[in-house]
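Residue numbers (the numbering used here), protein chains in the order written: chain A, 1 to 155; chain B, 156 to 261; chain C, 262 to 481.
Just so it is clear, CB atoms sit at the ideal spot from N, CA and C, and this is done for glycine as well.
Predicted model only: the values in this text are computed from it and were never measured.
Let me begin by presenting the structure, written as structure tokens, before commenting on it.
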Amino acid sequence: MISRRHFLLLTGVAIATPVKGQLPPNIAEIRKAALQQAIGKVVGNAQVRTGRVKLEIPPLIDNGNAVPVTVEVESPMTQADHVKAIHLFTERNPQPYVFSAHLGPRAGKARVAARARIADTGDVVAIAQMSDGSFWQESVKVIVTLSACLEEGLI
Amino acid sequence: MARVVVNVPAEAKKGEVIEIRTLAGHAMETGFRRTQLGELIPRDIIRSLVCTYNGVEVFRAELHPAMAANPLLSFTTVATESGTLEFRWTGDNGFSATEKASIKVV
Amino acid sequence: MALGEIPLSERKSGYEFMSRETRAMQDDAVTGPAVLTLLDGEALWGKLGCAACHTNMKGVAARYPAIVGGKLTTLEQQVRHRNPELAYESRELLALTAFVAKQSRGMPIEVSEIKSHLEAGRAFFHKRQGQLNLACANCHDDNWGKKLAGTPIPQAHPTGYPIYRLEWQSVGSITRRFRNCLTGMRAELLPHGAPELVDLELYLMWRARGMPMEAPAVRP
Chain A
1 MISRRHFLLL
11 TGVAIATPVK
21 GQLPPNIAEI
31 RKAALQQAIG
41 KVVGNAQVRT
51 GRVKLEIPPL
61 IDNGNAVPVT
71 VEVESPMTQA
81 DHVKAIHLFT
91 ERNPQPYVFS
101 AHLGPRAGKA
111 RVAARARIAD
121 TGDVVAIAQM
131 SDGSFWQESV
141 KVIVTLSACL
151 EEGLI
Chain B
156 MARVVVNVPA
166 EAKKGEVIEI
176 RTLAGHAMET
186 GFRRTQLGEL
196 IPRDIIRSLV
206 CTYNGVEVFR
216 AELHPAMAAN
226 PLLSFTTVAT
236 ESGTLEFRWT
246 GDNGFSATEK
256 ASIKVV
Chain C
262 MALGEIPLSE
272 RKSGYEFMSR
282 ETRAMQDDAV
292 TGPAVLTLLD
302 GEALWGKLGC
312 AACHTNMKGV
322 AARYPAIVGG
332 KLTTLEQQVR
342 HRNPELAYES
352 RELLALTAFV
362 AKQSRGMPIE
372 VSEIKSHLEA
382 GRAFFHKRQG
392 QLNLACANCH
402 DDNWGKKLAG
412 TPIPQAHPTG
422 YPIYRLEWQS
432 VGSITRRFRN
442 CLTGMRAELL
452 PHGAPELVDL
462 ELYLMWRARG
472 MPMEAPAVRP
């Protein structure tokens, strides 16, 4: 399923838009694969375990253009045992990377906040890369609603 | 230079974990939008933020088009000693912005 | 009170229709999305020398649109009058307007009841128009709180303008918002400064009388 916003835009401007503006019908699968590939680039062959990561993101999003996100990871943040990096991904955007934050023992706490663009309803995934080489994640499914009465003329 | 905001506590106890909040004025053009005529608007975003504390890097982030416009990034650091935190944003098309903040550690 | 008008005690700001997280963005005085615009406005206020005459702008935004020089004038128009080189919806005009409007934060909206303009504004609000044959009142008086495209319809009180609209990814004026509504209704798109929109703004401010200003607000 393509983004609701894009679907409405396409049906509204179908005649005028050149072909290259349209999305392929299997866009959902393409983006899901892109997400897995992006995660793969970060974790390599390592197994990603669920846990230790807390991804705070509103489950119902007023507008996907600016979504407050906070990722916090349980860790003593010592030289011996700390979070090296926090990576944030989304499933339904044209490209899956949001940010990668590089931390270390000087961070004191593994907690990063940002505002992300989430294009459509789907998964948002936060992955923590630990100093011992392990990877942990939390994945949250969010619903993105459209604002009404836009400049492009959609209700 | 673009407008940026950094919020660092003026004073902290040694060893305290302090919160640093940053905001940078930038449209973060994703590279996926098209003009009315269907032409792709090229990507133009902030690509990285680096924070140093008395010259030592304590935080670094890579930003991608999925960061919202006027990107906010908040993180923490341990108040180790008095001194200066420096922030540098760099991005596409030679974008560069810097800001400094002093901290007194007691 | 005409049929369908929201009773004064039932009025709610658009703030109350937003998620907790979006409200937090509005309340974030340090890194909220409108903060940069406010800082720009403060800088321009100094650079353009406004402070030489205007020492205290508290309450000003809460009473616009107002009659200035015999003409009903919006805050943007008043700022432009002094600085005609600033285009409608330009970064500079928005920054200055946001900075001025912020000085009225928390103060109750109190516009003068200029009968002819108020009646014109009210008539426009209730007029069915456009391809969808909708009047503003159909959504904002009769169906506020119900969902439109998955989003709750607010009551349309201009307590927070200029707003950082998440949809625009920038700060914008009430006229920009009106133009979005007209586009959404498939009605004739009126230009910035159109007297119909100035009258409408007066009517909406009067309809929101007594409600506290919260500019610059954040809205979806």
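Would you list the residues sitting across from residue i in a DSSP beta bridge?
i	result
S257 of chain B	B:T239
Q137 of chain A	A:T50, A:I127
T334 of chain C	C:A327
K408 of chain C	C:P413
G433 of chain C	C:I424
L272 of chain B	Here chain B comprises residues numbered 156 to 261, so residue 272 of chain B is not present and cannot be evaluated.
F214 of chain B	B:C206
G246 of chain B	B:I201, B:F250
L146 of chain A	None, per the DSSP bridge assignment.
Along the alpha helix (DSSP H) that carries residue i, what are the first and last residues, could you check?
i	result
I39 of chain A	27 to 43
F360 of chain C	352 to 363
P456 of chain C	456 to 468
S377 of chain C	376 to 387
H401 of chain C	397 to 401
R284 of chain C	281 to 288
List, in order along the chain, the chain B residues whose C-beta lies closer than 7 Å to that of residue i?
i	result
S100 of chain A	A216, E217
T90 of chain A	A221
Name, please, each residue of chain C whose Cβ falls closer than 8 Å to the Cβ of residue i.
i	result
V261 of chain B	Here the premise fails: no neighbours, minimum Cβ distance about 23 Å.
A66 of chain A	M286, P294, L427, Q430
L60 of chain A	S280
If the cut is a Cβ gap below 8 Å, which residues of chain B does residue i touch?
i	result
V112 of chain A	A216, L228, S229, F230
L103 of chain A	F214, F230
T482 of chain C	Examination of residue 482 of chain C is not possible in this model, given that chain C is present from 262 through 481 alone.
Using a C-beta to C-beta distance shorter than 9 Å, which residues of chain A count as neighbours of residue i?
i	result
T358 of chain C	Per Cβ cutoff of 9 Å: no residues; T358 of chain C is ~19 Å from chain A at best.
T436 of chain C	In chain order: nothing, as chain A lies at least about 13 Å away.
In chain order, what residues of the same chain lie with their CB nearer than 8 Å to the CB of residue i, ignoring the 5 residues before and after it?
i	result
A224 of chain B	H181, A182, M183
R189 of chain B	L195, I196
A165 of chain B	S257, I258, K259
Residues of chain A with a CB under 7 Å from the CB of residue i: which are they?
i	result
P220 of chain B	Q95
C397 of chain C	Going along chain A, no residue has its Cβ under 7 Å from C397 of chain C, so there is no contact; the nearest lies around 11 Å.
Excluding five sequence neighbours on each side, which residues of the same chain lie with their C-beta closer than 6 Å to the C-beta of residue i?
i	result
R470 of chain C	I370
A101 of chain A	I86, V112
I15 of chain A	Because the pLDDT at I15 of chain A is just 41, under 50, the model does not fix this residue reliably, and the value given afterwards should be weighed accordingly. If we look at I15 of chain A and ignore the five residues flanking it on each side, it has no Cβ neighbours.
I143 of chain A	L60, T121
I2 of chain A	With a pLDDT of 49 at I2 of chain A, under the threshold of 50, the modelled position of that residue is not reliable, and no figure is offered here.
T207 of chain B	E241
T436 of chain C	H453, L458
Which residue marks the beginning of the beta strand (DSSP E) containing residue i, and which one marks its end?
i	result
H315 of chain C	Neither: H315 of chain C is in no beta strand (DSSP E) and is coded neither H nor E.
L204 of chain B	201 to 208
A85 of chain A	83 to 90
T292 of chain C	Careful: T292 of chain C lies outside any beta strand (DSSP E) and carries neither H nor E.
P68 of chain A	67 to 73
S274 of chain C	That residue, S274 of chain C, is in no beta strand (DSSP E); it is neither H nor E in DSSP.
S229 of chain B	227 to 233
H102 of chain A	97 to 102
R115 of chain A	110 to 116
A221 of chain B	Looking at the DSSP string, A221 of chain B is not in any beta strand (DSSP E), and its letter there is neither H nor E.
T177 of chain B	172 to 179
Can you give me the Cβ contacts of residue i inside the same chain, cut-off strictly under 7 Å, excluding the 5 residues immediately before and after it?
i	result
A157 of chain B	A179, G180, H181, A252
E428 of chain C	P481
R202 of chain B	E217, L218, T245, G246, D247
F99 of chain A	L88, A114
E226 of chain B	At residue 226 of chain B the sequence reads Pro, which differs from the Glu that was named. So the qualifying residues of the chain are A179, H181, M183, I201, L218.
A500 of chain C	Residue 500 of chain C lies beyond the range of chain C shown here (262 to 481); nothing can be said about it.
Counting only Cβ pairs nearer than 8 Å, list the residues of chain A close to residue i.
i	result
F250 of chain B	Per Cβ cutoff of 8 Å: no residues; F250 of chain B is ~16 Å from chain A at best.
T420 of chain C	The premise fails here: T420 of chain C is roughly 17 Å from chain A at the closest Cβ pair, so nothing lies under 8 Å.
N441 of chain C	C149, L150, E151
At a CB-CB cut-off below 9 Å, which residues of chain B make contact with residue i?
i	result
R117 of chain A	M183, T185, P220, A221, M222, A223, A224
A80 of chain A	In chain order: nothing, as chain B lies at least about 16 Å away.
A168 of chain A	Coverage of chain A is limited to positions 1 through 155, which leaves residue 168 of chain A absent and any answer about it impossible.
A107 of chain A	V172, V213, F214, F230, T231, T232, V233
L354 of chain C	Those within 9 Å of L354 of chain C in chain B number zero; the least Cβ separation is about 16 Å.
Since residue i meets chain C, which of its residues come closer than 7 Å, beta carbon to beta carbon?
i	result
N63 of chain A	L427, E428, P481
Contact list for the stretch 140 to 153 of chain A against chain C, Cβ threshold 7 Å | T145, L146, S147, A148, C149, L150, E151, G153
Along the stretch 299 to 316 of chain C, what residues have a CB closer than 8 Å to any CB found in chain E?
-> Given the protein chain composition of this structure (A, B and C), no chain E is represented.
Relative to chain A, which residues along the stretch 314 to 340 of chain C have a C-beta separation below 9 Å, given in chain order?
-> none
Got a sec: which bits of the stretch 374 to 407 of chain C sit with their beta carbon under 9 Å from any beta carbon on chain A, in order along the chain?
-> L393, C400
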